[in-house]
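For reference, the structure is listed below as structure tokens.
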Amino acid sequence: MRGLKALLDEHYAIKNNFNEITLENPDPLLVVRKYVNDEFFEEISLICALLSYGNVKQIVRILDSLDFSLLKTSVSQIQKQTFPFYRFQSSDDIKNLFIVFYQIINDKRIKALVFEGYAKNKNILEGIYLAINKISTMLEKSNLKTRGLEFLIGRVCTKLKGSSPLKRWNMYLRWMVRKDNLDFGRWEEINKADLILPLDTHTFKVSHKLKLLDRKSYDLYSALLITQSLKKFDASDPIKYDFALYRLGQSQEYKKL
């Protein structure tokens, strides 16, 4: 175990570097960090996180094409604009995503939603689920809900086994709660020890290789199990290893370990 901790800490130290993310070696954070001083940074970041699926270069391209200043205008102004489509989301889906986030900004803000769910039991899943329910309800009330937007926002699942790992939501919370050279640490009210690994195909493969997980199922339960394994190496901040694990998988370097 000491050897594995040394390995994890070494790769965290290497990857915890602002210059690790570049146009040649991209990540959604390449776009997110451009808005760090924007008054609606938290909502912009969540839109970026929710659209972060698929090829990373395509993700950065779609995020870079979005005009987030529209969130400061009005529903009518947003409706007049033309939006790009992205994979499972039509251009109207992206437009309606902006409309519902404009409504959130002018209602309760995303931080308040997540914290309201989290605060009672210090359970980050309850925070995510409350936010998903709120956004889904707003889409339904405005008659905007589609399969594309349902995929983007996610679903509330009562069973951990077989359900989505909620990778994009957990990645967003990593950005907002943790503070280092990559993550922003805006939400001090949430304990970083309560975060869940943003499990994707790369971190899933690496976790098997490092014996952080012995289940074959790619689901939320596996994300929780890996998180528990990582707590053996840093109980107060287990998710700090996420980006390093991701890069090990993305680069295929984990195969040499």
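Read in order, the letters of the sequence shown are residues 321 to 577 in the working numbering. Note that CB positions come from ideal geometry on N, CA and C, so glycine has one too.
Can you name the residues that DSSP bridges to residue i?
i    : result
Y406 : Q409
F504 : K499
For the alpha helix (DSSP H) containing residue i, list its first residue and its last residue.
i    : result
L364 : Just to set this straight, residue 364 is Ile in the shown sequence, not Leu. Start and end: 361 to 370.
R567 : 562 to 570
Y438 : 430 to 439
L349 : 349 to 352
D384 : 376 to 385
K400 : 395 to 400
Report the residue from the options whose alpha carbon sits nearest the alpha carbon of residue i.
i    : options                : result
N416 : I398, K428, K431       : I398
A439 : R353, R475, S556, E508 : E508
N345 : F421, Q378, D329       : Q378
K529 : I364, Y449, K575       : K575
N339 : K531, D514, V380, R353 : R353
T393 : I444, N453, K552, V420 : V420
L328 : S571, F388, I559       : I559
I455 : F418, L390, E330, E573 : F418
T593 : P348, I444, I424       : This structure cannot settle anything about residue 593, because the visible part of the chain is limited to 321 through 577.
R488 : Q570, A543, I425, L550 : A543
S484 : L519, S462, D514       : L519
M496 : S571, R381, F435       : F435
Y355 : S549, D387, R381       : D387
D500 : T342, L459, S385, Y561 : Y561
D595 : L459, E446, L502       : With the chain covering only 321 through 577, there is no way to say anything about residue 595.
Taking contact to mean at least 3 C-beta pairs separated by less than 8 Å, is the stretch 469 to 483 in contact with the stretch 535 to 551? Touching, yes, given that three or more Cβ pairs across the two stretches are closer than 8 Å.
Closer than 8 Å is the cut-off here; do at least three beta carbon pairs connect the stretch 516 to 527 with the stretch 564 to 574? The stretch 516 to 527 is in contact with the stretch 564 to 574.
Write down every uninterrupted run of the beta strand (DSSP E) in the stretch 453 to 495 whose length is 3 residues or greater and which is fully enclosed by it, in chain order. Qualifying beta strand (DSSP E) stretches: none in this window.
Taking contact to mean 3 or more Cβ pairs, one atom from each stretch, closer than 8 Å, check whether the stretch 489 to 501 and the stretch 365 to 372 are in contact. Counting C-beta pairs closer than 8 Å gives three or more between the stretch 489 to 501 and the stretch 365 to 372, which meets the contact rule.
Which parts of the stretch 529 to 560 are runs of the alpha helix (DSSP H), unbroken and 4 residues or longer, counting only runs that do not cross its ends? The stretch 529 to 560 contains, as complete alpha helix (DSSP H) runs of 4+ residues, the segments 540 to 550 (chain order).
Spell out a yes or no on whether the stretch 425 to 432 and the stretch 401 to 408 are touching, meaning 3 or more CB-CB pairs, one atom from each, closer than 8 Å. Taking 8 Å as the limit for Cβ pairs, the verdict is that the stretch 401 to 408 does not touch the stretch 425 to 432.
Three or more C-beta pairs under 8 Å: does that hold for the stretch 323 to 341 against the stretch 462 to 469? They do not touch, by the three-pair rule.
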